[in-house]
Structures are given as C-alpha cells and as structure tokens.
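Everything on this sheet refers to the single structure shown next.
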Amino acid sequence: MNAVDYLHRLPRFAEQGAAAFQPGLERMDALLTAMGRPHEHFASVHVAGTNGKGSTASMLAAIGTATGRRIGLHTSPHLVHLTERMRIDGVPAPTAWLEEAVARYRDVFDAVRPSFFEATVALSFRYFADAGVDLAVVEVGLGGRLDATNVLRPVLCLITSIGLDHTDLLGDTLPAIAAEKAGIIKPGVPVFTSATQPEVLGVLRRVAATQKAPFHALSDEVRTTPGAARPDHQYLSLCTPQGDYPDLRLDLAGRHQHHNAALAVRAAEQVFAPLSPEAVRTGLRDVRRLAGLRGRLEVLSTAPLVVADVAHNADGLAQALAFVRQHRGTGRLYVVLGWMRDKDLDPAAAL
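Mapped onto my numbering, the consecutive letters of the sequence shown carry residue numbers 7 to 357.
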C-alpha cells in the first residue's frame, strides 16, 4: 500500500465530517514525540480564522521567499495531491519523500492512531525540520484551540476574518467562534488580526490581555486604498505604521483580498525585518508562483467566464459571487457548488 492510500485510510474530516474530528492535543503530542518533536526545530507563524487564512498564509510565505529565505507553508485541504499541504517556496514535498516518511513512521501511526489531518500535519512538520526552513507558516485546520496545529509555539499569531462556520463544533455565535480561534494566542506572542466585528475584537483583546500578548487590529493600524481591478489581478496601496507600499500589484482578485494582503504585510514586517518594499511587491505580484496558491477566484476561461474558488461558507460564496457578477457581463450565471454535508445551505441559497 502506498503512502497516500495508507493515509487516506485514517479518519478524514472531508469524508466523515464531525465524526472524524478528534479534538485535543494528546495524540498529536504523542505522535510528534515519537517523530522527534520536529515542530521545535523551526520558527513558525500560526494563522487561524474563518475565511482568508490560506490566502494570508500564502501571501506571507511568498513575501518571505522573495526576501531570499527558505519558507515552509502548511495549508489544508489540498486540491489534487496531499503533498500540496507541505510546500517549501511554493513547491510541494516530493512524493518520494512522503513514501519514505510514511514507511519510516508507519508503526508510530499504527500505535497512536491519529486522524488523517493529525498525520499530515506531523509529516509537514517533519518535512520542514528535515529541510531546515527559516520559517514555517502554518494554517489552522479547524477552530484553533483544539486544532492539531496548536502544538506550535510560534513567533507570531495571525487571525483573519471570523464568521459563522462549523457551528456544530465551534459554537453558533461570533463570540463563541472567536474564542475558539483565540485559542492559538500564546503567552507574550504578538497577535495581529483583520477581524472587524466589535464582538469578535472584544473576545480577541481579552484573550490577548490574559496571555500578555501584544494585540494589533488592522482596523486601527493600516490604511488600504484600492486601485484598478482586473479579472486575474488588482492593484492596491497600503500604509502601515512601518511603511508605505504604493501601487502594489496583487496576483489575486476580489476586494476581500485587501484585508488578507494587509495582514500578510504587517506580519512580514515583524518576522522579516528589516523588510524590503521590493520583497513585498514581488511576493504579492507572484504569490501564485512563489507560494503555489490555487483556487482563489482563479479564472479558468474568459469566454465564457469560468471561475474556480474554494469558498466553503456563505460569507466566502458572497465574496466570490460579487466578483463574478462584476466581471461576467450579461448572460445567465451558473454556480456549481460542492460543500461538505455539515454546511448550512440556506444562507448560500439566498445569495
């Protein structure tokens, strides 16, 4: 049995939903201990949120690569092959490495019995440690407090926008979900967020204060000015407490990406200091190439307009539809939607 087939036999959230979600960090700690505690051998940035965390993580990683550093990036889910979850400078882990690693640790997996997500996170950490990355940008899978990635002791925590999603597991109010996301906040580790709702910011501020973690809300610190927009890219200018970045070309479409780009730049200013404006310009312009990012309002055809997007809740779908309606011209709009069975379809149908 090859590595992919073996890993796919583990409990998978994408197939089983909540039944495959195994909250708690005990298995993850045991798994990583048996694998040499690889997560303790590289610096990391931890990224949580409802929408935008994959894009934000990818933009931060791309800026880091543009500085000349070796940057690991863990995101989920994958689109085609699970090695997409573990990338260095935008390149997925070699299949040969995955085969060798699964063979090396198969007895450990059999003993600990992790979920698919726990196993792939642990393998990502082992890959980054083996490769000697300068920094790993790690996206939370679900929630934050009990997510398998929350074994990290990062140098920076990022929390993107927060909305209603996975309410059966995380709570059915914004403050409840914010509290779960805030679970990644660590003592003394700076926190930056692009969240804007007062009830969400209140929760995040309280948790940060309890942890004595410096707290930064982008709404207080960053001015974003939109520029021209095209179907496959757009322009924006950013003004932060540490610099001005005029006329940036962003290789991603959609106004919602402005907040994600601003959060990535603020994070880059902290972890890649002194940050070259040219690295910001290159990272945002070439984020698809430098981070391997796909499926974010990706234009597959212009005649007719066909757009692929990974929106996985009503908020994300609303942003995608706003973009399509802006650029499609006349004619009927068809939406092909593939979501997990735990999603609430009523808000999406109303769009």
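Quick reminder that beta carbons are idealized off the backbone N, C-alpha and C, glycines included.
Task: At least three beta-carbon pairs within less than 8 Å, the segment 282-299 to the segment 186-193 - done: no
Open item on the list: Less than 8 Å between the beta carbons of Pro-232 and Val-305, yes or no?
Closed with: no
Task: Cutoff 7 Å; reference Tyr-111; Cβ partners in own chain excluding five residues on either side - done: Met-41
Open item on the list: According to DSSP, is Gly-322 part of a helix, a strand, or is it coil?
Closed with: Helix at Gly-322.
Task: Collapsed DSSP secondary structure at Arg-33 in the structure displayed - done: helix
- [ ] Provide the residue span of the alpha helix (DSSP H) that contains Ile-77, from first to last.
- [x] Segment 77-80 is the beta strand (DSSP E) holding Ile-77; no alpha helix (DSSP H) there.
Open item on the list: Would the segment 329-341 count as touching the segment 304-318 if we require 3 or more Cβ pairs under 8 Å?
Closed with: yes
- [ ] Could you tell me how far apart the beta carbons of Leu-38 and Leu-88 are, in whole angstroms, since I believe they sit closer than 8 Å?
- [x] The Cβ separation is near 19 Å, so there is no contact.
Task: Distance between beta carbons of Gly-249 and Pro-283, contact taken as under 8 Å - done: 7 Å
- [ ] May I have a chain-ordered list of the beta strand (DSSP E) segments no shorter than 3 residues that lie completely inside the segment 171-205?
- [x] 197-199
TODO: Tell me, please, which residues DSSP counts as bridged to Tyr-251.
DONE: Leu-244
Task: Proximity of Leu-66 and Ala-320 at Cβ, strictly below 8 Å - done: Cβ atoms of Leu-66 and Ala-320: not closer than 8 Å.
Open item on the list: So, at 7 Å on beta carbons, what are the nonlocal neighbours of Phe-115 in its own chain, with the 5 sequence-adjacent residues on each side left out?
Closed with: Ala-125
Open item on the list: So if DSSP puts Pro-4 in a beta bridge, which residue, or which two residues, is it bridged to?
Closed with: The chain is shown from 7 up to 357; residue 4 falls before or after that span and cannot be answered.
Task: Residue interval of the alpha helix (DSSP H) (run including Ser-64) - done: 59-72
Task: Inter-residue spacing [alpha-carbon to alpha-carbon] between Gly-177 and Leu-148 - done: 12 Å
Open item on the list: Considering just the uninterrupted stretch of the beta strand (DSSP E) at Ser-167, what are its terminal residues?
Closed with: That residue, Ser-167, is in no beta strand (DSSP E); it is neither H nor E in DSSP.
Open item on the list: Distance check for Phe-122 and Arg-18, CA to CA, integer angstroms please.
Closed with: Distance between the alpha carbons of Arg-18 and Phe-122 is about 5 Å.
Task: Distance, Ala-184 Cα to Ala-317 Cα - done: 20 Å
Task: Pro-98 - partner residues in DSSP beta bridges - done: Beta bridge pairing from DSSP links Pro-98 with Arg-93.
Task: Segment contact, 8 Å Cβ cut-off, at least three pairs: the segment 154-164 with the segment 48-56 - done: yes
TODO: Compute the Euclidean distance between the alpha carbons of Gly-74 and Asp-140, then round it to the nearest angstrom.
DONE: 10 Å
Open item on the list: Quick check: what's the CA-CA separation for Val-209 versus Asn-156?
Closed with: 19 Å
Task: Contact under 8 Å by Cβ, Val-293 with Ser-64 - done: yes
- [ ] Please list, in chain order, all residues of the same chain as Gly-301 whose beta carbon is under 7 Å from its beta carbon, the five residues on each side excluded.
- [x] Leu-85, Ala-314, Asp-315 and Val-316
Open item on the list: Applying the 10 Å Cβ sphere with the 16-neighbour rule, what's the burial state of Gly-344?
Closed with: So Gly-344 counts as exposed.
Task: Cβ pair Gly-60, His-265 closer than 8 Å - done: Taking the C-beta atoms as reference points, His-265 is found no nearer than 8 Å to Gly-60.
TODO: Return the first residue and the last residue of the alpha helix (DSSP H) that Thr-308 is part of.
DONE: Boundaries for Thr-308: no alpha helix (DSSP H) harbours it, while the beta strand (DSSP E) harbouring it runs 304-308, taken from the DSSP string.
Task: Beta-carbon proximity list for Ala-68, same chain, < 6 Å, skipping 5 on both sides - done: Excluding positions up to five away in sequence, the list reads Gly-289, Val-293, Leu-296 and Ala-297.
Task: Three-way DSSP call (helix, strand, coil) for Leu-311 in this model - done: strand
- [ ] Output the boundary residues of the alpha helix (DSSP H) element that contains Leu-148.
- [x] Careful: Leu-148 lies outside any alpha helix (DSSP H) and carries neither H nor E.
TODO: Go ahead and label Arg-132 buried or exposed: buried means 16 or more other beta carbons lie within 10 angstroms of its beta carbon, across all protein chains shown.
DONE: Counting Cβ neighbours within 10 Å, Arg-132 comes out buried, since at least 16 surround it.
- [ ] Just tell me which of Val-108, Leu-256, Arg-255 and Glu-227 has its CA closest to the CA of Arg-15.
- [x] Of the candidates Val-108, Leu-256, Arg-255 and Glu-227, Val-108 places its Cα closest to the Cα of Arg-15.
- [ ] Assign Ser-50 to one of three DSSP states: helix, strand, or coil.
- [x] Ser-50 falls in the strand class under three-state DSSP.
Task: Supposed contact pair Gly-78 and Ala-142 - C-beta distance, whole angstroms, cut 8 Å - done: 4 Å
Open item on the list: I need the straight-line Cα distance from Leu-31 to Ala-154, nearest angstrom please.
Closed with: 6 Å
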